[in-house]
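All you need for the working numbering is the position in the sequence shown, starting with 1, plus 53.
Every residue gets a Cβ at the ideal spot worked out from N, C-alpha and C, and that includes glycine.
Note that the structure is a prediction, hence the values are computed from the model and not measured.
To keep things clear, I will list the structure first and then write my remarks on it.
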Amino acid sequence: MFKYHCLNPISHVGLEQLDENYVYTENAGDADAILVRSAKMHDMEFCGNLKVIARAGAGVNNIPLERCADEGIVVFNSPGANANGVKELVIAGMLLAARDIIGGINWVQEYEEDGDIAKITEKKKKAFAGTEIQGKKLGVIGLGAIGVQVANAAVHLGMEVYGYDPYVSVASAWNLSRSIHHAETVDELYKECDYITIHVPALDDTKGMIDKHAISLMKDGVVILNLARDVLVNQEDIVDALVSEKVRCYVTDFPTKEIVGVKGAIVIPHLGASTEESEDNCARMAVAEIRDFLENGNITHSVNFPDCNMGEKEAGERITILHKNIPNMLGQFTTILADKGMNIALMTNKSRKAYAYTMIDVDAEVLPELVEELDAVEGVLRVRVIR
């Protein structure tokens, strides 16, 4: 029996996939698994029983990834599950930036009691006229699950699309429209495009990437969209660019004290993945990841350990070992098993930077003494036996 806890409301569509082997606990300290959306976890103390944290969404900056890894806790996210919801909001953001729809609606509301509103409208509507996005150049920075969908949708809307991603995956490349121009450098994209949208994670080398220098390379009157992470755009620099009208419009899904109220900023209250469909999809993926890990030991979409899959556990027992990525770990594991007379039916090992994961299927009972010996190996973070 596994216990799980939710730090945020999680869609029942996902939770319904948990069978009778899972029971909800009100106390996070008792949980084998935690599901989370936006709750901050950096100050949380984790119990020794906690094995997995699943983020029902893509971003994981609310979770202490390295500390979790060192405590043998695998962290998952749900990449691509909310991609369509974010894509649709990006398209909406471009349309709102192209035409002063918000200003026009607000103007009409001010005249709601005026009997001549229809007549006045015909005289005043030109103040809210804009442009069309068809034929304009869109630059997409980051061609992951969301970026690819945005790029393909923009092509269908008649835009000329430039994509930049030095680490684009094979799967994303296959899904990308042939009509999209491959920008060799991000500077090329800055110089060419009328609209620029960012879809990269918040890493040390991406934080503040849209700054004074980047903006200086862009066209006058460029529109910038940021529905990825607020820290990707330098707040002071984007405000200066809006005030000087170098940037015509900045569409962001992240209200900050610097940007709210600035002329030319369209600030959305973090609605990118706030659709029923996105929340359902994220919950389904997060629950599926938890179940596969707890029941089979498989890791898919982890953000702090390598992905590793040995299929569904069949007869016998499966030993899983989370450990540091240092030399001779496999040699020590196999020696311990050999000394106990254990035959290895199947084994796999994957590494990711400082951490690694080993899965071993054996055809005999794994006794507590064996687990203790494996756990005592220097660099081992957690040993678990799946029966």
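Cβ pair residue i, residue j closer than 8 angstroms
i: Val139; j: Ile199; result: yes
i: Ile319; j: Val300; result: no
i: Arg337; j: Val113; result: no
i: Phe55; j: Ala81; result: no
i: Ile439; j: Arg371; result: yes
i: Glu311; j: Val292; result: yes
i: Gly192; j: Ile249; result: yes
i: Asn130; j: His354; result: yes
i: Ala434; j: Gly197; result: Reading the sequence as shown, one finds Leu at residue 434 and not Ala. Not a contact, by the Cβ cut-off of 8 angstroms.
i: Leu427; j: Val436; result: yes
i: Asp247; j: Leu270; result: no
i: Ala339; j: Arg108; result: yes
i: Val127; j: Lys104; result: yes
Buried versus exposed, by CB contacts within 10 Å (16 or more), residue i
i: Val89; result: buried
i: Val419; result: buried
i: Glu431; result: exposed
i: Lys172; result: exposed
i: Gln202; result: buried
i: Tyr164; result: exposed
i: Thr184; result: exposed
i: Lys93; result: exposed
i: His95; result: exposed
i: Thr373; result: buried
i: Thr411; result: buried
i: Leu142; result: buried
i: Ile352; result: buried
i: Asp258; result: exposed
i: Asp169; result: exposed
i: Ile268; result: buried
For residue j and residue i, the rounded distance between their alpha carbons
i: Phe358; j: Asp123; result: 10 angstroms
i: Ser91; j: Asn61; result: 7 angstroms
i: Val253; j: Asp290; result: 19 angstroms
i: Tyr243; j: Phe181; result: 27 angstroms
i: Ala134; j: Gly110; result: 7 angstroms
i: Cys121; j: Lys403; result: 18 angstroms
i: Cys302; j: Tyr217; result: 21 angstroms
i: Asp273; j: Thr238; result: 20 angstroms
i: Glu119; j: Lys260; result: 19 angstroms
i: Gly394; j: Glu422; result: 13 angstroms
i: Phe99; j: Glu69; result: 25 angstroms
i: Pro380; j: Glu425; result: 20 angstroms
i: Ala226; j: Pro132; result: 16 angstroms
From the options, residue whose alpha carbon lies closest to that of residue i
i: Ala429; options: Ile413, Arg405, Ile389 and Ala417; result: Ile389
i: Ala150; options: Ile372, Ser404 and Gly317; result: Gly317
i: Glu365; options: Arg301, Pro380, Glu342 and Arg337; result: Glu342
i: Gly156; options: Ile312, Lys265 and Lys178; result: Lys178
i: Pro308; options: Gly369, Asp345, Pro322 and Asp264; result: Pro322
i: Ile233; options: Asp240, Lys190, Pro219 and Asp264; result: Lys190
i: Leu324; options: Ala145, Glu73 and Asn287; result: Ala145
i: Ile106; options: Leu71, Tyr75 and Tyr57; result: Tyr57
i: Leu347; options: Leu71, Thr238, Ser64 and Cys59; result: Leu71
i: Ala294; options: Asp306, Val276, Ala281 and Leu280; result: Val276
i: Thr174; options: Trp160, Ile186 and Gly183; result: Trp160
i: Met147; options: Leu383, Glu241 and Met212; result: Met212
i: Leu399; options: Asn362, Leu427 and Asp240; result: Asn362
i: Ser281; options: Met382, Lys406, Leu434 and Ile194; result: It should be noted that the sequence gives Ala, not Ser, for residue 281. Checked all of Met382, Lys406, Leu434 and Ile194; the closest Cα to Ala281 is Ile194.
i: His235; options: Lys260, Thr259 and Ala204; result: Ala204
i: Glu245; options: Asn137, Pro219, Val214 and Val128; result: Val214
i: Asp83; options: Glu73, Ser64 and Cys59; result: Cys59
i: Asn279; options: Ile251, Lys265, Glu298 and Leu256; result: Ile251
i: Glu330; options: Ile268, Ala224, Thr78 and Ala136; result: Ala136
Cβ-heavy atom distance, residue i to the ligand PLP, below 7 angstroms
i: Ala326; result: What this structure holds is no ligand at all, so the ligand PLP is not there to describe.
Exercise. Considering only residues of the stretch 276 to 346, which uninterrupted alpha helix (DSSP H) runs meet the minimum length of 4 residues and lie entirely inside it, listed in chain order?
Worked result: You should have 288 to 296.
Exercise. Can you list the alpha helix (DSSP H) stretches of 4 or more residues lying completely in the stretch 377 to 408, in chain order?
Worked result: Look at the stretch 377 to 408 and you find these whole runs of alpha helix (DSSP H), each 4 residues long or longer: 382 to 392.
Exercise. At what residue ranges does the stretch 226 to 256 contain a whole run of the alpha helix (DSSP H), taking only runs of 4 or more?
Worked result: Those alpha helix (DSSP H) runs which fall completely within the stretch 226 to 256 and span 4+ residues are 239 to 245.
Exercise. Quick one: complete beta strand (DSSP E) runs, 3+ long, within the stretch 125 to 172?
Worked result: At a cut-off of 3 residues, the continuous stretches assigned as beta strand (DSSP E) that sit fully inside the stretch 125 to 172 are 127 to 129.
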